[in-house]
Structures are given as C-alpha cells and as structure tokens.
C-alpha cells in the first residue's frame with residue numbers, strides 16, 4: 148500500500164509541475180523572431196549588431212517557420228518581438244485573445260498570387276468559369292486571404308469550389324499533376340514552379356487596382372511593450388534607419404542574401420516586389436484611425452470568421468499601436 | 146434546450162464533478178476491498194489476476210476526468226463562477242501598475258535607472274577602449290574623448306539627488322500621495338463604495354465565464370470587482386504621470402546641448418573632409434554613430450537618483466500588498482484552483498494564463514463537439530461545409546459510373562451527337578451510354594455514411610483491409626518458404642523503418658489529392674506490420690505439431706490451414722491491433738497531404754489558428770474511435786482464439 152501511496156504522491160507532484168512551468172526573467176537580452184528566405188534591409192543592422200548597440204542589450208534572433216508559431220512563442224514568453232509576422236497570423240492571434248500588439252509595418256508586398264492551370268484557358272476575363280473547380284490553398288494564411296480577396300474582386304463564388312488545404316510546395320506539385328485547377332501560394336520557389344504550368348489569375352496592376360495588397364507586421368508582447376517601451380522604440384528606430392539607408396547596392400544585397408540564406412539573384416527579385424514604409428508613412432497611412440492596418444485587420448477578421456474560434460470581441464484599433472514610431 | 150445547457154455549463158460541471166468524485170472514492174473503496182479478497186486465491190504472475198477489474202477502469206476514467214477538470218480550471222469555474230471576473234479586475238490593477246513596477250526593484254530587482262547607468266557606463270568603457278588609432282585627427286580624438294567625459298558627467302548629474310528639480314520632487318510626492326490614497330480606498334473595501342459604483346447594467350448583461358465569445362467577462366460584475374476596476378483606472382492615470390516624468394536639471398540640459406553640438410560638429414567635419422579615403426570616412430562615421438547611440442539613450446532624462454524613487458517603491462509595495470489582502474478568498478481560489486499564473490489582462494481582454502490556455506474545459510470540449518456534430522450546416526454545424534458524421538443518399542449511378550471507364554464508350558462505333566440547325570440536341574445511343582458511364586442517370590439511391598469521421602474511418606478501414614488481405618498470406622509464406630522469406634525480406638525490411646511522413650511528397654505526386662494516396666500511405670504502414678506479425682506467428686509453430694499432422698497424413702495445404710494458420714492467429718490479431726493504432730497515428734499526416742475532409746484535416750486546420758478546443762475535440766474523436774476498434778478487436782480475439790494464454 149505504501150508503494151501505491153508513493154506512486155500517487157509522485158504522480159500528483161509531476162502533474163502539478165506541468166501547471167506552473169514558465170519563469171519570469173530579467174531583461175538582459177531581447178528575443179526577436181524572424182523568417183529565413185525573407186530578405187529585408189534591417190538584416191544589415193542585424194548582421195552589423197546595430198540592434199545590440201542601440202538597444203544596449205543582447206539581441207537574439209530566432210528563425211521561425213510560420214507567423215502562427217511566432218505568436219505561440221510570444222505567448223509562451225520565449226519571444227518579445229516578432230519581425231515580419233504575417234498579418235493573417237497576427238489577426239488570428241488577436242482573435243484568440245493572445246496578448247500581443249502591432250507596433251509597426253515590416254514589409255509591404257504584392258498580394259500572393261493564384262495560378263490557374265494553362266490548359267483551362269481561364270483568365271480574369273472569364274474567371275466565373277472557376278466556379279466548381281478545385282483549388283489548393285494553405286488555409287488561414289495570407290495566401291488564403293489573397294485568394295478570397297481576388298475571387299471577390301473577380302466576382303467568383305468561392306462556396307462552389309472544392310478547397311484543398313495544401314502547403315505551397317505541395318500545391319505547386321498538385322497543379323502540375325492536374326489534381327487541382329488553381330493554386331494560391333506564397334514563397335518565391337513555389338510560385339516559380341506554379342508559374343511553369345499556370346498563369347496568374349490577376350496581374351500586379353489588376354491587384355493594385357482592386358486594392359488587394361498585404362503586409363507583414365512587427366508585433367510585440369503586451370508585457371514587453373508596457374515594461375520596456377524604450378527598447379521597442381529603439382528597435383523600430385534602428386529598423387527605420389536601416390530601411391532608409393537601403394540603397395540596393397551589390398554589397399547590401401550580398402549581406403542580406405547571405406543572412407536570409409538565399410541566392411543574391413533571388414533576393415534581388417524578391418525585394419523588387421517589396422516596399423518598406425518609413426515611420427512617417429506608417430504613421431500617416433497605416434496607424435491612423437481607420438487606416439490601412441485597421442482595414443486589413445477587419446477584412447482578415449471577416450475572412451477567418453468561419454473558423455468559429457473567436458475569443459475576441461470588438462474592433463482591432465486597440466491592438467494596433469503606432470505610438471512607438473513617434 | 147441546447148442553449149440552456151450551454152449557458153449553464155458551469156452548474157452542470159459542478160454537479161458532474163461531485164458525481165465523479167463520489168464515483169472515484171467508491172471505486173477505490175470497492176477495488177481495494179475486492180483485491181484484498183482476491184490476493185489470497187491468486188499467486189503473482191497468474192494471468193487470471195488481470196481478468197475483470199472494471200471498477201479500476203472506472204477509477205482510472207474518473208481520475209482522468211477530475212485531473213482534466215482541475216488543470217483546465219473547470220473546477221474553479223464550476224464552484225467559483227464569478228472568480229475569474231473579479232480576478233480580471235485585479236489583473237487590471239496589475240496591468241495598470243506594470244509600467245511603474247517595471248522601473249522599480251519591486252518588479253525587477255534593480256531600479257531601471259540603475260540598469261541604465263550600469264549598462265551605459267560599461268558600454269562607454271568598451272567604446273572608449275575601441276577608439277581606433279590613426280583614423281581621426283588628433284583634434285577629433287581629443288573632442289571624442291571630451292564627449293565621453295561629458296557623457297559620464299551627464300550620468301553623474303542625473304544620479305545626484307541634490308540636483309533634482311523641485312518640480313520633480315513635488316510630482317513624485319504627488320504620485321506617492323495618490324498611491325497612498327488608493328491604498329486607503331482598497332483598505333476600506335467594498336463598504337466604502339458609493340452607490341453609483343454598483344455593477345453597471347451592461348456589466349450584468351455579460352454572459353458568464355466561458356459561455357460567450359469573450360472567455361472572461363471584462364466589465365466588473367460584483368461590488369468587489371467594481372472597486373478594483375475603479376482603482377485600476379486611477380492607477381493607470383498615476384502610471385501615465387510617472388512615465389512622463391523626466392529628470393532634467395539645468396546642468397544636464399546644458400551638457401546635453403553641448404554634447405549634441407560637439408557630435409554634430411565632428412560629423413560635419415568628417416563630411417567636409419573630402420581628402421580622406423572612403424574607408425576612413427566610413428570608419429569615422431561608424432564610430433561617431435556608436436558614440437551618438439549611447440548619448441541618445443541618455444538624452445531623455447529617464448535616469449533618476451535611486452533614493453528619491455525609494456518612496457514610490459515603498460508606496461507601490463504597500464499598495465500591492467493591500468490589493469493582495471483585499472482579494473480575500475480570491476487568493477485561495479487563485480492559488481489552489483487556477484494552476485498557472487491566474488487571470489491576466491491583455492490589451493483588450495482578460496485571459497486565463499495557465500494550463501487552461503491550452504487545455505480547454507471538458508464541458509467546453511463537449512459543447513464544441515456538439516456544435517461540430519450538428520448536421521445542419523446552415524446553422525453553423527459541421528466543419529468547413531462537411532458534417533461530422535451523418536447519413537447521405539448515395540446515387541447508385543455514381544457507383545456504376547465509378548466502375549465503368551468513360552473510355553469504353555469512346556471505342557464503340559458511331560459518333561456523339563451534335564446540335565442541329567434549329568439549335569436542338571438529339572442524343573445518340575453513345576451519348577446515353579456516356580451518361581451512364583459518367584453516373585448521370587437516375588438508378589435510385591442507397592443510404593450511405595458521410596462526414597469527416599466516416600471519411601477518416603473509411604480510409605483506415607480500406608487500408609487495413611488490404612493490409613491484412615495481402616500482408617497475412619505473404620507473411621505466412623515467408624514463415625514457411627525459403628524463397629518467399631529470402632526474396633521479400635530485404636524489400637520489406639528496407640521500407641518498414643521509413644516513417645510514413647517521408648513518403649508523403651512522393652504519394653502526392655504519384656496518386657494526386659484523392660483518397661487513393663492517403664489510403665496507400667496507411668496501407669504501407671498496415672502492410673509491414675501484418676507481414677511481420679504473420680511471419681513471426683507462422684515460423685513460431687511448434688515443429689512437433691507439424692510432424693504429428695504429417696504422420697497423420699495431412700497434405701501441405703491442410704497443414705497450412707489447420708496447423709500453421711491457427712498457430713499464427715494470435716500474432717496476426719495482435720498485429721491488427723497494433724496496425725489500427727499506427728494507422729490512426731498516421732492519419733493526421735496522411736490528411737495533411739491535401740486536406741478536404743477527415744478528422745486529421747480538422748486538426749491540421751485547427752493548428753493553423755491555434756484553436757485548442759478544436760484540437761482537443763479531434764484528439765478525443767481519434768482516441769474514442771481507436772478505443773472502439775480496440776474493444777472490437779479484443780472481442781474478436783476472445784471469439785477466434787479462446788485458447789490464447791491458456792497453453
């Protein structure tokens with residue numbers, strides 16, 4: 148019987164530990180999440196340790212596979228700042244009631260593309276023929292948003308389509324195999340593969356005309372923002388300076404490409420479609436009441452409405468905070 | 146009815162937990178009494194010792210449920226339904242206080258000012274040691290050293306209590322005074338509240354904890370909550386005052402202006418010096434920038450002498466103690482029933498920060514499950530437009546169409562119809578046959594299962610069926626034939642250890658996105674297990690039994706059917722049990738390939754939005770289905786091989 152009691156006691160103790168993991172930590176380093184294969188000018192500041200200098204503390208950079216993972220790590224307390232988190236995972240995190248806040252815009256880029264198989268002969272002119280077709284799209288990502296926004300712009304009824312949840316790389320293969328009729332994806336590599344057998348349903352100009360764009364955000368945890376506002380401010384300042392110092396020289400491209408882990412040419416191609424708004428531009432167009440940030444957040448919120456997991460009631464302007472850019 | 150249950154889920158949980166606790170205690174009592182009796186009749190190692198014992202199963206189940214209730218904070222919600230709302234108001238106080246606390250030893254061991262002084266002094270030293278030789282002109286070098294001296298002086302000026310402005314003293318005293326007033330207010334408790342501070346009607350109209358969209362109702366619903374909420378608002382104002390407070394004595398302002406002027410002058414000099422090489426200019430620029438960065442961190446007057454902040458630190462400590470005391474019984478609830486960090490206020494809402502963040506309450510999981518199980522998709526049932534498990538009418542024509550390839554019609558003589566001059570269309574016999582081959586005729590309907598669960602079940606069952614059908618004969622032949630053993634052994638052993646996920650990209654491009662690819666993936670898993678278990682079973686047959694049947698005149702076929710197969714059956718059936726388990730495990734990976742339906746698909750989508758309730762629902766469904774399978778297999782085993790464990 149004593150053995151049983153011992154076992155019971157150790158089980159209870161073990162289970163109790165589960166509940167109270169996570170410890171508070173003093174601020175002698177700042178943890179930042181970023182993406183590989185996503186070239187941005189601030190990587191020069193990252194490589195040159197300008198962030199460390201300006202913040203006065205050690206800055207650790209951890210690469211992540213997705214914005215959702217970034218938000219998870221933020222809630223777990225492992226990440227303070229997420230650089231270039233997709234707007235979609237950010238909005239989803241807010242809808243889950245996660246304690247994070249958007250403090251800046253990292254990258255503005257063209258909305259992701261949807262490729263239609265060439266042999267179907269469907270273009271934006273006869274897009275309604277897409278109804279009833281099969282579409283591969285990574286659910287709840289920016290590509291999902293781009294897909295829905297483009298279908299709305301082209302007046303195509305999404306509910307008639309068969310949607311398949313696939314990663315971009317898989318989606319590109321499925322398009323080539325003719326298993327799906329259209330694929331919506333992100334990532335330069337997958338887009339190039341899909342471009343071999345398909346054509347974009349909307350051109351860059353058409354997307355711009357329809358006002359379909361997207362951007363990545365810089366988000367920080369609530370705790371970090373309230374306790375170390377000066378570090379947030381310094382981080383944004385260094386980022387802004389790096390963006391302003393971007394001249395696109397070969398030297399700069401080489402540095403960024405090396406840090407991003409991609410070819411210089413791919414970095415050049417990719418960055419040609421990016422823009423990096425200055426702090427002033429962000430304040431005047433993104434962070435004003437009813438500005439771009441709030442608009443996209445509301446649209447995204449509506450797009451993901453049917454995932455019926457909202458923990459969040461109200462408008463997004465409370466979690467979109469431009470005050471650190473001033 | 147469902148809505149009523151959903152709204153009162155906490156009360157239902159309260160009753161349920163009592164029942165569970167009672168059942169738990171009873172099962173332990175009953176189990177111990179029974180085992181005391183049994184211990185005497187059965188020796189250790191007797192297989193009979195494991196038979197029966199359903200009461201321990203009941204005990205295990207209730208334990209799991211009670212632990213689940215506890216760590217998901219279900220216990221707290223059932224018996225203290227208003228606790229979360231009240232703790233949310235307390236959390237608001239802490240949230241409002243956090244900017245102050247972060248700058249004081251009470252929250253972070255050191256004053257933030259101390260941190261800044263130490264950190265910047267260290268960096269000044271580093272940068273001073275790094276002053277490059279032969280890059281700057283002697284005059285510039287002197288100026289730079291002067292800047293560093295002045296920067297140190299600036300830190301000293303900030304840290305000197307004698308130099309602090311009278312206005313700053315007054316503002317700090319104000320802040321301390323307000324905090325003390327607030328402390329008194331908290332001390333006074335609920336009775337001190339004016340009637341105007343009773344919970345507002347908007348607050349009382351909120352749905353209870355965990356029922357609505359908002360997990361924890363935000364507005365204070367109790368008198369105690371109103372008190373904390375009001376205090377939090379005042380603290381927020383104090384916080385704002387404290388944050389905007391700057392220590393900028395005239396001497397510091399003078400030093401800042403001077404340093405700024407010096408830096409600008411050196412910068413201008415560097416720019417004007419066109420004779421220097423690009424490298425030198427860059428090195429100079431970088432160094433000056435580094436010096437400027439340290440200066441920039443010091444020019445905003447956020448460093449205060451330590452002793453003038455002591456009073457604030459004390460006032461905050463006293464106030465937080467008082468808040469903790471005023472929580473009263475909430476403290477016990479918080480400490481005992483909410484494992485983790487309790488209720489935390491984020492920017493807009495209060496959240497449960499603890500194990501319940503990723504472990505939803507059992508009642509909520511059931512609520513989610515019933516929402517998914519609702520067959521009416523228009524009402525928000527099902528998931529992504531597919532029901533969870535339901536019956537649909539399957540057109541027989543579709544089945545016929547599936548089995549007749551369209552190409553058969555193409556090779557028949559004659560041509561397909563064309564539209565005539567009047568715009569009409571008269572189908573030929575080929576058109577009609579094509580319609581049949583494509584399943585576009587009406588041949589009546591049969592009922593058929595439908596939905597995510599059925600789709601997953603179907604994939605697992607078909608894979609298992611083929612796995613057994615092909616794996617068992619091959620395995621048995623490998624157990625009795627040298628050719629089969631040696632020929633197939635390397636193939637199977639080579640592919641068996643490869644994790645199923647590794648095949649995924651290949652499967653996708655070979656089979657496409659339909660069911661066949663997913664089934665094939667599961668089949669590969671099941672097949673290997675079946676071959677191995679059948680082979681082990683067959684080769685383990687006692688040679689004396691085979692010799693005996695030989696001498697009684699049995700043919701090879703008869704030996705195979707009547708001696709080897711029955712001998713291998715226990716191993717084969719154990720193999721099926723294992724294969725089912727592994728198939729369920731692989732299902733999530735298989736349905737990740739190209740998700741349209743299935744339990745694994747739900748899980749994959751839920752993962753992208755971190756919907757923990759949904760994730761647990763899928764885990765529960767898979768667990769229950771696996772359990773059902775296993776119970777079925779156990780029954781099958783006891784019917785097919787009643788002799789197992791008795792020889």
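Protein chains in written order, with our numbering: chain A, 148 to 473; chain B, 146 to 792.
Every residue gets a Cβ at the ideal spot worked out from N, C-alpha and C, and that includes glycine.
With 16 other Cβ atoms within 10 Å as the buried cut-off, status of residue i
i                      : result
residue 666 of chain B : buried
residue 609 of chain B : buried
residue 490 of chain B : buried
residue 366 of chain A : buried
residue 152 of chain B : exposed
residue 335 of chain B : exposed
residue 307 of chain A : exposed
residue 177 of chain B : exposed
residue 170 of chain B : exposed
residue 436 of chain A : exposed
residue 724 of chain B : buried
residue 477 of chain B : exposed
residue 340 of chain A : buried
Whole-number beta carbon distance between residue j and residue i, since they are thought to touch under 8 Å
i                      : j                      : result
residue 389 of chain A : residue 189 of chain A : 4 Å
residue 90 of chain A  : residue 311 of chain A : Outside the shown range of chain A, which is 148 to 473, sits residue 90 of chain A, and nothing can be said about it.
residue 377 of chain B : residue 234 of chain B : 7 Å
residue 744 of chain B : residue 732 of chain B : 7 Å
residue 217 of chain B : residue 504 of chain B : 5 Å
residue 404 of chain B : residue 267 of chain B : Contact flag wrong, Cβ pair sits at about 19 Å.
residue 355 of chain B : residue 237 of chain B : About 19 Å; that fails the 8 Å criterion.
residue 275 of chain A : residue 348 of chain A : With 8 Å as the limit, residue 275 of chain A and residue 348 of chain A do not qualify as a contact, their Cβ atoms being about 12 Å apart.
residue 684 of chain B : residue 624 of chain B : 4 Å
Contacting residues, own chain, Cβ-Cβ under 8 Å from residue i (five flanking each side not counted)
i                      : result
residue 534 of chain B : 518, 594, 595, 596, 597, 598 and 599
residue 640 of chain B : 669 and 673
residue 171 of chain A : Confidence is the limiting factor: at residue 171 of chain A the pLDDT is only 40, short of 50, which leaves the residue's position unreliable, though a coordinate-based value still follows. So the list is empty, once near-sequence residues are dropped.
Cβ shell of residue i (< 6 Å), same chain only, five flanking positions each side left out
i                      : result
residue 319 of chain B : none
residue 207 of chain B : 165, 168 and 169
Inter-residue Cα distance where the pair is residue i and residue j
i                      : j                      : result
residue 545 of chain B : residue 588 of chain B : 9 Å
residue 646 of chain B : residue 611 of chain B : 20 Å
residue 398 of chain A : residue 191 of chain A : 10 Å
residue 354 of chain A : residue 529 of chain B : 27 Å
residue 413 of chain B : residue 240 of chain B : 46 Å
residue 177 of chain A : residue 223 of chain A : 14 Å
residue 229 of chain B : residue 472 of chain B : 12 Å
residue 226 of chain B : residue 470 of chain B : 21 Å
residue 502 of chain B : residue 220 of chain A : 14 Å
residue 156 of chain B : residue 223 of chain B : 6 Å
residue 616 of chain B : residue 313 of chain A : 32 Å
residue 471 of chain A : residue 245 of chain A : 20 Å
residue 253 of chain A : residue 493 of chain B : 23 Å
residue 323 of chain B : residue 359 of chain B : 33 Å
residue 169 of chain A : residue 353 of chain B : At residue 169 of chain A, the pLDDT of 36 sits below 50, so the modelled position is not reliable; the number obtained from the coordinates is stated separately. Going by the C-alpha atoms only, they are around 29 Å apart.
residue 423 of chain A : residue 755 of chain B : 29 Å
residue 778 of chain B : residue 375 of chain A : 59 Å
residue 446 of chain A : residue 289 of chain B : 53 Å
Contacts around residue i, its chain only, beta-carbon distance under 7 Å, and the 5 residues preceding and following it disregarded
i                      : result
residue 438 of chain A : 432
residue 793 of chain B : Nothing can be reported for residue 793 of chain B: it is not among the residues displayed for chain B, which extend from 146 to 792.
residue 543 of chain B : 584
residue 249 of chain B : 256, 454, 457, 458 and 461
residue 748 of chain B : 733, 760 and 763
Chain A contacts from the stretch 639-665 of chain B (Cβ-Cβ distance under 8 Å): 650, 653, 654, 657, 658 and 659
Relative to chain B, which residues along the stretch 242-259 of chain A have a C-beta separation below 7 Å, given in chain order? 243, 244, 246 and 248
So if I threshold CB-CB distances at 7 Å, which residues from the stretch 321-345 of chain A count as touching chain C? The structure shown contains no chain C; its protein chains are A and B.
Got a sec: which bits of the stretch 748-760 of chain B sit with their beta carbon under 9 Å from any beta carbon on chain A, in order along the chain? For the stretch 748-760 of chain B, residues whose beta-carbon sits nearer than 9 Å to a beta-carbon of chain A comprise 749, 750, 751, 752, 753, 754, 755, 756, 757, 758 and 759.
When Cβ atoms are compared, which residues of the stretch 405-439 of chain A fall closer than 7 Å to chain B? none
Using a Cβ-Cβ cutoff of 8 Å, what residues of the stretch 216-245 of chain B are near chain A? List them in chain order. 216, 240, 243 and 244
Any C-beta of chain B within less than 9 Å: which residues of the stretch 273-287 of chain A qualify? 281, 283, 285, 286 and 287
Closer than 8 Å, Cβ to any Cβ of chain A: which residues of the stretch 519-531 of chain B, in chain order? Result list: 525, 529 and 530.
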